[in-house]
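Student: In the working numbering, the protein residues as written are 9 to 227. Quick one: structure below, then a few questions.
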Ligand SMILES: NC(=O)c1ccc[n+]([C@@H]2O[C@H](COP(=O)([O-])OP(=O)(O)OC[C@H]3O[C@@H](n4cnc5c(N)ncnc54)[C@H](OP(=O)(O)O)[C@@H]3O)[C@@H](O)[C@H]2O)c1
């Protein structure tokens, strides 16, 4: 199969498309033919090896795996003997190191893809949307009727945070720069603060949850 490969930390120009062995399906695994994959910051960290602390996960001097990419969507090609939840032909999405390849063998981080969601849309979901879900629902314990402010509402995690905040029944205030104000409104934000014009910490408004995706302000 073809896969995007890097043997050392590099820039996008140094990535290579190589023929490598197709992964075997493990007993507890699902072999997925990748139809779409998305790029997020985690892939950038894994490709460049920066920031350096990220190397504690990806490998100190050289990458632990020459494969990279994480978020994918595709079609199940084969399942391991212990797998009951999936069958060949199922459309799925999930996250697995090595997603910038034609096939991935994935064990637990895979779920069925809703029929009304395209492969491209599903491939953009996993890590960023889960981060937003964990932040608002699990850590923030956001409740219907509460007020949440999302600082960094126009990027990978923030756009999901706005939509998940609305889906949880909260009143959502989005913080982003001028060119993203309309986008923040279009995905459901009740209020939008343009941080190039206004400092949200100086407003009288108070919030039940502050979700700081941008990390641009002190706690
Ligand atoms: N993406 C993931 O899957 C993921 C998963 C786990 C953790 N994270 C972490 O979450 C953080 C954000 O990741 P991301 O993928 O969402 O990044 P991103 O797509 O680059 O988005 C960054 C966001 O920060 C905003 N921003 C930049 N400067 C700002 C400022 N001075 N004040 C307020 N907002 C500002 C940007 O808004 P404007 O463009 O409108 O300026 C944008 O909404 C990173 O630390 C990343 O490591 C990401």
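Backbone N, C-alpha and C define an ideal beta-carbon position, used for all residues, glycine too. Note that this is a predicted model, so its numbers are computed, not measured.
Take residue 109 and list the residues in its own chain whose beta-carbon comes closer than 8 angstroms to its own, dropping the five residues that flank it on each side.
Tutor: Excluding residues within five positions, the ones whose Cβ falls inside 8 angstroms are 9, 10, 11, 12, 28, 42, 75 and 77.
Student: Which runs of the beta strand (DSSP E) fall wholly inside the stretch 28 to 78 and span at least 3 residues, in chain order?
Tutor: Segments of the beta strand (DSSP E) lying fully in the stretch 28 to 78: 38 to 46.
Student: Classify residue 132: buried if its beta carbon has 16 or more other beta carbons within 10 angstroms, exposed otherwise.
Tutor: Residue 132 is buried by the Cβ-count criterion.
Student: From the DSSP output, in three-state form, read off residue 10 for me.
Tutor: It is a strand residue.
Student: What separation, rounded to the nearest whole angstrom, lies between the Cα atoms of residue 20 and residue 52?
Tutor: One C-alpha to the other measures close to 9 angstroms.
Student: Can you name the residues that DSSP bridges to residue 180?
Tutor: According to DSSP, which records beta bridges pairwise, residue 180 is partnered with 156.
Student: Is the Cβ-Cβ distance between residue 197 and residue 165 less than 8 angstroms?
Tutor: No, the Cβ-Cβ distance between residue 197 and residue 165 is not below 8 angstroms.
Student: Inspect the beta-carbon positions of residue 97 and residue 118 and report whether they are closer than 8 angstroms.
Tutor: Going by C-beta atoms, residue 97 is not nearer than 8 angstroms to residue 118.
Student: Distance check for residue 157 and residue 211, CA to CA, integer angstroms please.
Tutor: Taking the straight line joining both Cα atoms gives about 12 angstroms.
Student: Ligand 1 and residue 184: does any heavy atom of the ligand fall closer than 7 angstroms to the residue's C-beta?
Tutor: Because some heavy atom of ligand 1 lies under 7 angstroms away, the Cβ of residue 184 counts as near it: yes.
Student: Using C-beta distances below 7 angstroms, list every residue in its chain close to residue 30, excluding the 5 sequence neighbours before and after it, in chain order.
Tutor: Result list for residue 30: 9 and 111, in chain order.
Student: Tell me the DSSP secondary structure of residue 217 in three-state form.
Tutor: Here residue 217 sits in strand by DSSP.
Student: In whole angstroms, give me the CA-to-CA distance for residue 60 and residue 222.
Tutor: Answer to the nearest angstrom: the Cα atoms are 19 angstroms apart.
Student: I'd like to confirm something about residue 17: is its beta-carbon nearer than 7 angstroms to some heavy atom of ligand 1, or not?
Tutor: Checking every heavy atom of ligand 1 against the Cβ of residue 17, none is found closer than 7 angstroms.
Student: Quick one: what's got a C-beta closer than 6 angstroms to residue 127's C-beta in the same chain, skipping five residues either side?
Tutor: Correct list, in chain order: 43, 44 and 81.
Student: Run the CB neighbour count on residue 71, radius 10 Å, all protein chains shown included, and call it buried at 16 or more, exposed below.
Tutor: Buried, because 16 or more other Cβ atoms sit within 10 Å of the Cβ of residue 71.
Student: Identify, in the order they occur along the chain, each residue of the same chain with its Cβ nearer than 6 angstroms to the Cβ of residue 64, setting aside the five sequence neighbours on each side.
Tutor: Once the five neighbours on either side are set aside, residue 64 has no close Cβ partner at all.
Student: Any chance the CB of residue 38 is under 7 angstroms from a heavy atom of ligand 1?
Tutor: Every heavy atom of ligand 1 is 7 angstroms or more from the Cβ of residue 38, so no.
Student: Using only alpha-carbon positions, find the residue among 91, 186, 185 and 149 that is nearest to residue 215.
Tutor: That would be 149, whose Cα lies nearest to the Cα of residue 215.
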